[in-house]
Structure formats: structure tokens, C-alpha cells
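Heads up, the sequence shown is in this note's numbering, so the first residue is 21 and it goes up one at a time.
Structure first, then comments.
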Amino acid sequence: MNDLLAFVRAHPVAGAPVDKAAWFLGELCRGPEAWIDLAVHGRRALVGVVIDTCESADDGAELVVLGRDREVADEAALRAAIDRARAFAAGGPRSALEVMTPGPFPVQLLEGAGFRPSYQLHEMQRQGAPVSAALVPGGLRWADADRAMGAQLHAVTRAAFASVPGSFVAPVEVLVERLERQPHPTRVLLEGERVIAFVRPEGPVDGVGTIGVLGVLPSAQGRGLGRLALREGLAALAARGAGAFRLDVAVRNERALRLYESEGFSTVQVQTAWALPLRRAD
Ligand SMILES: CC(C)(COP(=O)(O)OP(=O)(O)OC[C@H]1O[C@@H](n2cnc3c(N)ncnc32)[C@H](O)[C@@H]1OP(=O)(O)O)[C@@H](O)C(=O)NCCC(=O)NCCS
């Protein structure tokens with residue numbers, strides 16, 4: 021895998037998760053058969069991966085292009101990447117193949133291949149202003165998620181995201197492994213021993229902290245816990261030196277969008293997810 025990672029570092033695709041490339045090509049995918057490794061005239065041209073291990077409301081497998089040598093990877097190579105991804109994903113558990121734009125794929129190419137717009141992803145940012153954690157209601161407490169909580173956290177994450185498009189819930193073993201390896205802990209809100217909300221503050225990188233994931237158990241939603249979790253995450257990032265914050269949210273997810281706007285976030289970029297059905301609906 022090291023040669024693929026070296027290629028990705030040398031030929032990064034704008035907006036692609038280069039810092040997570042090892043994870044995408046490793047634990048997060050089904051194995052080397054999920055890799056898209058294209059050569060043109062004997063020269064490595066494009067490296068991508070099909071992620072179909074994660075559950076999502078729209079049941080999509082995502083083709084993520086991680087690296088592309090623009091000198092050799094022309095439109096024909098992009099079309100070949102889609103064909104390979106489609107063939108691989110058709111043998112997997114998902115019912116659609118998805119890609120994000122803007123990205124390496126021109127919209128015309130996607131339309132020609134049968135992709136249609138599915139949902140939009142807003143990247144939101146919020147500038148500075150020190151954040152302090154909100155008061156926690158009686159009976160509740162924050163804790164760092166540990167391995168022993170992994171299965172419960174996975175179940176709560178699945179429940180919270182069951183109807184949210186564009187959110188990929190990794191398999192339980194991947195989530196547990198990640199809990200141990202991530203540099204900063206995922207914070208969980210406990211009612212007794214029960215996880216009812218969670219937030220994963222990531223970074224900061226260059227002063228910008230990311231709310232990686234945030235959710236509230238459906239039966240506990242609407243009680244102000246989403247806002248509490250967001251402030252907990254922002255406070256953790258501010259304590260680690262973040263001067264600005266970012267997150268991604270799917271626009272069909274009006275509730276989360278409203279929460280973030282009311283906490284000072286505004287949209288800086290909108291991406292569109294394009295989906296290609298893999299099986300007939302009947
Ligand atoms: C988004 C989410 C975290 C909000 O948590 P919550 O505990 O229900 O939200 P809160 O009670 O703290 O409400 C916060 C704000 O959300 C918005 N909101 C809450 N319920 C809403 C509803 N039924 N309709 C529209 N907006 C709603 C409001 O703006 C509310 O602010 P208010 O208190 O001033 O009215 C929660 O719904 C969730 O886990 N959703 C699934 C996972 C998800 O979408 N995560 C975010 C994606 S990055």
C-alpha cells in the first residue's frame with residue numbers, strides 16, 4: 021500500500037482526505053480489491069477506493085479518488101475508474117455508487133454515465149470567539165469513550181444517523197479500533213451508563229478544529245443535547261488551541277443545519293453527491 025500512499029501524497033486531489041488515505045485504503049475498505057489503481061501508458065495515473073463497508077441512509081458505496089496525476093489521467097481514465105468502481109460495487113452490499121462534486125469528475129461525464137444528484141453536503145465554518153462548555157443538566161455527565169463503550173457507541177451512532185443522508189457509519193470493529201488510535205478522545209454524554217449523545221472533536225490542524233461527528237440518541241433528541249454536544253466539542257477544540265472551527269453537514273438534514281447556524285456557523289462550500297443505482301428497483 022505504501023506506493024499508493026506515496027502517489028497520493030505526490031498527486032493529491034483537491035478536497036480528498038489525504039490525511040486519511042491510509043485509513044481509507046486500509047481498515048475502512050473491503051481490502052485491495054476495493055482499490056482503484058489505474059495506469060496510463062504504463063504510468064500510475066489515478067488512485068482511488070470504493071468504500072462500501074459503511075452503512076448510510078441512502079445505502080451508497082462511495083468512490084473516493086485520492087490521487088490523480090493530471091498529466092496522464094484524462095477523461096478516459098476517469099471513465100475507466102467509474103467502470104471499475106461500478107463493477108466492484110455491484111458485487112457488494114450497497115444499492116448505489118456515489119461520487120462527490122466538485123471533484124475530479126466533470127458533471128457531464130457523470131450524467132453520461134447515468135449518475136443523478138442525490139443530496140448536498142455543506143461545509144460550514146465558524147470563526148474564533150472563545151467557547152466554554154455548556155452546563156450539563158443533573159444526572160448527565162461527559163466522559164471519554166473507551167473500547168468498552170465501543171459497541172454501545174456504535175449502536176447509538178447507527179440509530180442517530182439512520183435517516184441522515186451522506187453519513188457513513190463504519191462497522192463496529194473499525195469504530196472500536198479507531199477509538200483507541202485517534203489522537204483525541206470521542207466525548208460521550210452518559211445518563212447512568214447509557215450513551216445518549218456523542219461528539220468527536222478532531223484537530224486542530226493549522227488552528228482549525230473539526231467537529232468530526234455529532235449525534236444524539238433519537239429518543240433523547242429535542243432536549244437541547246445536540247447543542248450541548250456541539251458546545252462540548254467546540255470547547256475541547258478551543259482548549260487545544262483552535263481559533264476557528266469547521267464541520268460537514270448534509271442539507272436534507274435541516275435540523276443539524278439550523279443548530280449549526282444558530283451557533284455561528286455559516287456555509288463556505290457546497291458539494292453535491294451524485295448517485296448511480298446499482299440494481300433495478302423491482
Ligand atoms: C442534529 C442533532 C444532533 C440535534 O440534536 P437535538 O438534541 O435534537 O437538538 P437540540 O434539542 O439541542 O436542538 C438544537 C437546535 O436544533 C434545531 N432543531 C431541534 N429540533 C428540531 C426539529 N424538530 N426541526 C428543526 N430543527 C430542530 C433547532 O434549531 C434547535 O434549536 P432551539 O433549541 O433553539 O430550537 C440530532 O438531531 C441528531 O443526532 N441528528 C442525527 C445525527 C446528525 O444529523 N448529526 C449531525 C450531522 S453532522
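No residue lacks a Cβ here, since even glycine has one placed at the ideal position from N, Cα and C.
Given the structure is predicted, the values throughout are model-derived calculations rather than measurements.
Assignment of beta strand (DSSP E) within the region 147-203, counting only whole runs of 3 or more residues, yields 160-164 in chain order.
Taken through DSSP and simplified to helix, strand or coil, ALA93 comes out as coil. By a beta-carbon distance limit of 8 Å, ALA36 does not contact VAL70. Their separation comes to about 14 Å.
Minimum Cα-Cα distance from PRO52 among the listed residues ASP39, ASP72 and GLY62 corresponds to ASP72. The Cβ atoms of GLU95 and TRP162 lie no closer than 8 Å to each other.
In the three-state reduction of the DSSP assignment, SER282 falls in the helix class.
VAL28: member of the alpha helix (DSSP H) spanning 22-30, first to last residue. In the DSSP secondary-structure assignment, VAL67 is bridged to ASP57 and GLY87. Setting aside the 5 residues that flank it on each side, GLN140 is surrounded in the same chain by VAL271, VAL290 and THR292, each with a C-beta closer than 6 Å to its C-beta; the list follows chain order. A Cβ-Cβ contact shorter than 8 Å links GLY229 with PHE265. Taking each of GLY134, ALA101, HIS174 and ALA182 in turn and checking the Cα distance to ARG198, the smallest one comes out for HIS174. Within the same chain, GLN291 and ALA293 come within 6 Å of MET120 by CB-CB distance, once the 5 residues on both sides are set aside. In the displayed model, GLN289 falls within a strand according to three-state DSSP.
With a cutoff of 8 Å on beta-carbon distance, SER152 and PRO185 are scored as not near each other.
Per DSSP, the continuous alpha helix (DSSP H) segment holding GLU252 begins and ends at 245-259. Annotation for VAL33: no alpha helix (DSSP H) segment contains it, and DSSP assigns it neither H nor E.
By the CB criterion at 8 Å, ALA295 and PHE44 fall outside the cutoff. DSSP places ALA116 in no alpha helix (DSSP H) but in the uninterrupted beta strand (DSSP E) bounded by 116-121. Around ALA41, the same chain offers LEU25, VAL28 and LEU86 as residues with beta carbons nearer than 7 Å, after the five sequence neighbours per side are excluded.
Within the model, the alpha-carbon separation for GLY227 versus LEU257 is close to 9 Å. Short of 6 Å from the beta carbon of SER115, and not among the five residues preceding or following it, lie these beta carbons of its own chain, in chain order: ASP79, LEU298 and ARG299.
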